[in-house]
Amino acid sequence: MSAPGSKPTPETPPDVALQMIAASCRGDLSKHRAIVLQSRRPVGIHQTRVALRRLRAAFSVFRPAVDGPEVRALSAEAKWLAGECGPARDLHVFLTESVTDVPLVVKRVAARVAASHLQRARAALGSARYEAFDQQLGIFAAGPILADTAGGLRLEEFGRMVLDARHDKVVRRGRLFDRLSEEQLHRLRIGIKKLRYAATYLNPAFASPAAKPYIEATVRLQGALGALNDRATAARMLADIATAARPTEDTALPLKVLARQAASGEKRRRRKLERAWKEFRKVGRFWRA
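Read left to right, the sequence shown gives residues 231 to 519 (the numbering used here).
Okay, here's the thing in structure tokens:
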């Protein structure tokens, strides 16, 4: 068991590093869950999802070292909770970032949809199922862990192995970049997201100044790839609003206008993605510096 507030070092065993991250995620989740349950502030849902995503990513990064039914069950519960919070966050992002000048009638319908999504998130975060998950996560973070610890590797050695594998996978998925289909770009986005989290979590094992530009390049590439996925998210949000509209609420034309707005800028997004990919390919592997 690690001391509270301690951070991984190159000599830290991977299982102990995972405990530290899990404890941090649990603290963040508890803090932002309270905001969701007590207010309508969007930051609560957003940061709750971030904490759950970080936790799931940590379990994935350290799976070669720490695996088993307990870890997989915790990861599955975190995925369920994130799914229950997802619609509320997606709708807020769509209305505040994807489109502008939202007509009053659409805002009115969207407010009802948002209230329903918030109720769904609160039901999950306030449930006995959440309490059981939180309790098990606390036990896991406190240790001790009885698991395969990657053959006794230190975090530095383990990190090189994981980062090489994830970096190589991204490079393979990005071959013939200009010809990638939407499905292939989606797979590349998943790969770069996993690489970004691995680099972030394993960076303390190297303390290299080259880590910051590398991680920043993965963040930009992930963001550029995510922007291409905005159309699919926008289509879901528009469909939800159309379904929730009452017979007296004529949303057909306003929603068409918003759909065109959300779909605009495709060439600009593509150029940004191409630049982000070139920047990523130029950065060196900081764990090999």
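Think of the CB as a built atom: it goes at the ideal place given N, C-alpha and C, for glycine as much as any other residue.
From a predicted model like this one, the values you see are computed outputs, not experimental measurements.
query	result
Cα separation between D398 and D460?	27 Å
Closest to A354 by C-alpha separation, out of A264, T330 and D320, would be which residue?	A264
How many Å lie between L325 and A344 at the Cα?	11 Å
Grab me the residues of A472's own chain with a C-beta within less than 8 Å of its C-beta, minus the 5 sequence neighbours each way, in chain order.	T481, A482 and L485
Quick check: what's the CA-CA separation for D408 versus G382?	42 Å
Is L325 helix, strand or coil when you go by DSSP?	helix
Once DSSP output is grouped into helix, strand and coil, what is the label at R476?	coil
Between the alpha carbons of P294 and M391, how many angstroms are there, rounded?	10 Å
Write down the C-beta distance between R350 and E314 rounded to the nearest angstrom, noting that I regard them as a contact closer than 8 Å.	6 Å
Using the Cα positions of A465 and R450, report the straight-line distance between them to the nearest angstrom.	24 Å
Going by other Cβ atoms of all chains shown within 10 Å of its Cβ, with 16 needed for buried, is G368 buried or exposed?	exposed
Ordered along the chain, which non-local residues of its own chain (more than five positions away) have a Cβ less than 7 Å from that of V329?	L488, Q491 and A492
Taking the runs of the alpha helix (DSSP H) that are 4 residues or longer, which of them lie wholly in the stretch 300 to 362?	334 to 355
By alpha-carbon positions, which one of R417, A303 and P434 ends up nearest to R359?	A303
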